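Everything on this sheet refers to the single structure shown next.
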Amino acid sequence: MRGAWLRSVALVLYAATPILAGTLQGKVAVLEKDGKRAQDADAAVVWVEGPKVRTRPTGATVTMKSKAFVPRVTVVSVGGRVEFPNQDSIFHNVFSVSGENRFDLELYKKPKSGFKVFEQPGVVRIYCNIHPQMSGFVLVRDNPFWAKVGADGSYTVPDVPAGSWVVKAWHERSGESEKTVAVGEAGVAEASFTLDASKYRRAPHKNKFGKDYAVGEKY
Ligand SMILES: [Cu+2]
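Add 11 to the 1-based position in the sequence shown for this note's numbering, that's all there is to it.
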């Protein structure tokens, strides 16, 4: 009882405290081998590390369709539940061996779905154990200050608490790049990134048993 009462007081105080926050924005360029801009720069994500702001977990849906994860890159918050419906009439599986976010869903096909609740912040690589060409990413964030980059390479993260924060930009072919950015109590802070995807090499990944995929898929 007392705990609930204290919590409600804390909530009222929290709501009554003006949040001093700025907007973070900038551009992200993803460059390929020849210096050309990547076609899929809008698969990049920018996030702010550090601010401790808890929000209700936000989930997402990643559909398995035509032997692909759609969308290929998904961002959720810690505690977020991701649904993985299979819209193909063949079996798929979803698994990851990414650290503490490791998981493995059963084989299932349309109209079945599976789900995973992600509890650890990080970049989670997801695969299907039948089809090696199926790959995707779930980025799990411990605060709401992130944005997907738009088709024009720009991004905006609103309401970032004032402070000096590490801002990271990520694309699957470049990995992470970071900057420390001072966000004011109002107004706009700028952080732009050039991500180098020129050294990326497509390499086969292992199946969920840590073995090579069988040659010649049957489905
Ligand atoms: Cu599959």
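Cβ coordinates follow ideal geometry from the N, Cα and C atoms, glycine included.
The structure displayed is predicted, hence computed values, not measured ones.
Terminal residues of the beta strand (DSSP E) in which residue i lies
| i | result |
| --- | --- |
| residue 83 | First-last for residue 83: undefined, no H or E at that position. |
| residue 45 | Where residue 45 is concerned, there is no enclosing beta strand (DSSP E), given that its DSSP letter is neither H nor E. |
| residue 197 | From DSSP, residue 197 is part of no beta strand (DSSP E); its letter is neither H nor E. |
Contact belief for residue i with residue j at Cβ below 8 Å, rounded distance in angstroms
| i | j | result |
| --- | --- | --- |
| residue 219 | residue 129 | No, residue 219 and residue 129 are not in contact; Cβ-Cβ is about 17 Å, not under 8 Å. |
| residue 39 | residue 199 | About 16 Å; that fails the 8 Å criterion. |
| residue 81 | residue 181 | The Cβ separation is near 19 Å, so there is no contact. |
| residue 155 | residue 64 | 6 Å |
| residue 89 | residue 171 | Incorrect: roughly 18 Å between the Cβ atoms, too far for contact. |
| residue 104 | residue 141 | 6 Å |
| residue 185 | residue 208 | 5 Å |
| residue 98 | residue 78 | With 8 Å as the limit, residue 98 and residue 78 do not qualify as a contact, their Cβ atoms being about 11 Å apart. |
| residue 221 | residue 194 | Rounded, the Cβ-Cβ distance is 42 Å, inconsistent with contact. |
Best match in the options for proximity to residue i [C-alpha to C-alpha]
| i | options | result |
| --- | --- | --- |
| residue 190 | 176, 197 and 184 | 176 |
| residue 123 | 115, 102 and 134 | 102 |
Rounded straight-line distance, which links the Cα of residue j to that of residue i
| i | j | result |
| --- | --- | --- |
| residue 166 | residue 87 | 17 Å |
| residue 95 | residue 144 | 17 Å |
| residue 112 | residue 120 | 23 Å |
| residue 49 | residue 213 | 15 Å |
| residue 148 | residue 197 | 33 Å |
| residue 132 | residue 183 | 16 Å |
| residue 91 | residue 70 | 4 Å |
| residue 62 | residue 226 | 47 Å |
| residue 158 | residue 118 | 32 Å |
| residue 169 | residue 146 | 30 Å |
| residue 93 | residue 125 | 9 Å |
message: Quick check for students: name the residue ranges of the beta strand (DSSP E) that lie wholly in the segment 88-142, counting only runs of 3 or more.
response: 91-96, 124-129 and 133-138
message: Please give me, in chain order, every unbroken run of the alpha helix (DSSP H) with length at least 4 that falls completely inside the segment 154-200.
response: Counting only runs that start and end inside the segment 154-200, there is no alpha helix (DSSP H) element of at least 4 residues.
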